[in-house]
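Under numbering that gives the first Met the number 0, think of the first position of the sequence shown as 0, with each following residue one higher. Single-structure report; data block below.
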Amino acid sequence: MRIASTQYSATMNQALQLASSGMADLMQQMATGQRILRPSDEPVTSVRLARLEREDAALSQYRDNISALKTRLTKNEALMDGMVKDMQQARDQLVWASDSGGNSNADVAAMASTLVALRDSLYYSTNSRDDEGHYLFSGTASNQPAATFNAVAPAGSRYAFGGNTNAQLVMVGNGVTQAANVSLDEMATLLNQLDSTIATLQSPALNISNPATQANITASLNLVDSTMNSVSAKIALQGGAQNTLQTLDGNHANVSLSNQQAALSLGQLDYGKASVELNGYTTAVQATQKVYGRVSQLSLFNAL
């Protein structure tokens with residue numbers, strides 16, 4: 000059977016192109032370490048790898064959220080712990096002030112000055128902000144102060160809660176959320192009560208033995224105790240949340256590692272096998288080129 004020169008050339012060129020394409024793919028695989036270069040290489044495995052990649056990306060985002068959330072909760076806890084200490088000092092001053100028989104007017108004036116400093120410290124701590132200027136204890140109304148102050152209102156009613164009690168939920172797992180904020184709505188009531196007691200103790204007509212004065216001090220003592228208990232409970236919740244987040248982060252890390260190992264098993268190149276295949280392609284290309292060169296030199300005139 001006679002084969003035309005053009006047909007022979009086309010056949011040989013096609014063989015060379017296929018071999019060269021195979022070599023190029025193998026060299027790219029060896030450069031990247033990936034066995035699958037395009038989804039069409041292995042559709043089923045490609046789908047599994049894509050699913051693992053999506054899951055690992057989600058886990059990475061969860062872990063980033065957890066890291067940021069732990070920082071936020073730690074800051075919340077530290078601030079509230081300082082507030083509890085301020086309230087404990089205020090309680091000590093109030094207990095001292097309630098001793099009607101042993102306090103002079105100078106003693107009471109000193110207590111009132113200390114209570115003013117503690118009240119202001121509690122007010123500023125309640126209105127703490129993050130690095131971006133958002134209020135930490137205002138619920139989801141983070142652009143509003145948790146405690147507002149009205150200077151023209153009478154003592155005992157100058158403070159009000161300016162936020163809300165809604166939770167700022169952060170996604171930390173598949174269907175798992177954790178509140179990033181704490182609402183200190185109870186602080187405005189305490190600030191008003193302390194403000195009222197301070198005004199009473201600073202009155203020029205103060206009579207520390209007066210039943211109304213003692214009732215005011217007792218009301219502040221009771222409210223300090225209940226507010227301390229409330230804030231302490233919220234501190235405990237922050238600590239529990241951090242422990243939960245630590246456990247979740249560890250679980251996410253383990254799952255992510257498992258996914259990465261599975262992805263390596265599915266898509267990693269076997270370099271030994273690839274080297275053998277590359278040698279085969281190289282030999283085939285060289286042999287094809289030699290045959291093509293020699294056959295191209297043949298002519299009927301060589302037989303004459």
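We put the beta carbon where it would ideally sit given N, CA and C, even for glycine.
For residue i and residue j, I'd like the C-alpha separation in whole angstroms.
i: Thr44; j: Asn258; result: 14 Å
i: Met82; j: Gly238; result: 16 Å
i: Asn126; j: Ala159; result: 12 Å
i: Glu76; j: Ile234; result: 6 Å
i: Tyr113; j: Asn215; result: Note on identity: in this sequence residue 113 is Thr, with Tyr being the wrong assignment. Cα to Cα, Thr113 sits roughly 17 Å from Asn215.
i: Gly100; j: Lys69; result: 49 Å
i: Phe148; j: Val230; result: 21 Å
i: Pro144; j: Asp184; result: 11 Å
i: Val181; j: Ser225; result: 17 Å
i: Ala108; j: Arg90; result: 16 Å
i: Thr217; j: Asp80; result: 24 Å
i: Leu121; j: Asn253; result: 42 Å
i: Leu189; j: Asn228; result: 13 Å
i: Val94; j: Ala204; result: 21 Å
i: Gly155; j: Thr199; result: 10 Å
i: Ser255; j: Ser59; result: 8 Å
i: Met86; j: Ala152; result: 24 Å
Below 7 Å CB to CB, which residues in the same chain sit around residue i once its five sequence neighbours on both sides are set aside?
i: Thr176; result: Leu168, Val169 and Met170
i: Thr346; result: Any answer about residue 346 is impossible in this case: the structure gives the chain only from 0 up to 303.
i: Leu193; result: Ala89, Leu114, Arg118 and Ser219
Spell out the partners DSSP gives residue i in its beta bridges.
i: Ala159; result: Thr147
i: Val175; result: Gly172
i: Arg128; result: Tyr134
Could you pull the start and end residues of the beta strand (DSSP E) that residue i belongs to?
i: Leu190; result: Where Leu190 is concerned, there is no enclosing beta strand (DSSP E), although the alpha helix (DSSP H) it sits in stretches over Met186 to Leu200.
i: Val171; result: Leu168 to Gly172
Starting from the C-beta of residue i, find all residues in its chain whose C-beta is less than 8 Å away, skip the five residues before and the five after it, and write them out in chain order.
i: Leu247; result: Tyr61, Ile65, Val171, Gly172 and Val175
i: Met0; result: Any reading at Met0 is ruled out, since the residue's pLDDT is 46, under 50, leaving its predicted position unreliable.
i: Ala150; result: Arg157
i: His251; result: Leu58, Tyr61, Arg62, Ile65 and Gly172
From the beta carbon of residue i, is the nearest beta carbon of chain B less than 8 Å away?
i: Asn173; result: You won't find chain B in this structure, because it holds only one protein chain.
Whose C-beta lies closer than 6 Å to the C-beta of residue i among residues of the same chain, with five residues either side of it excluded?
i: Gln201; result: Ala111
i: Gln245; result: none
i: Ser137; result: Gln143, Ala145 and Gly162
Along the alpha helix (DSSP H) that carries residue i, what are the first and last residues, could you check?
i: Ser112; result: Asn104 to Thr125
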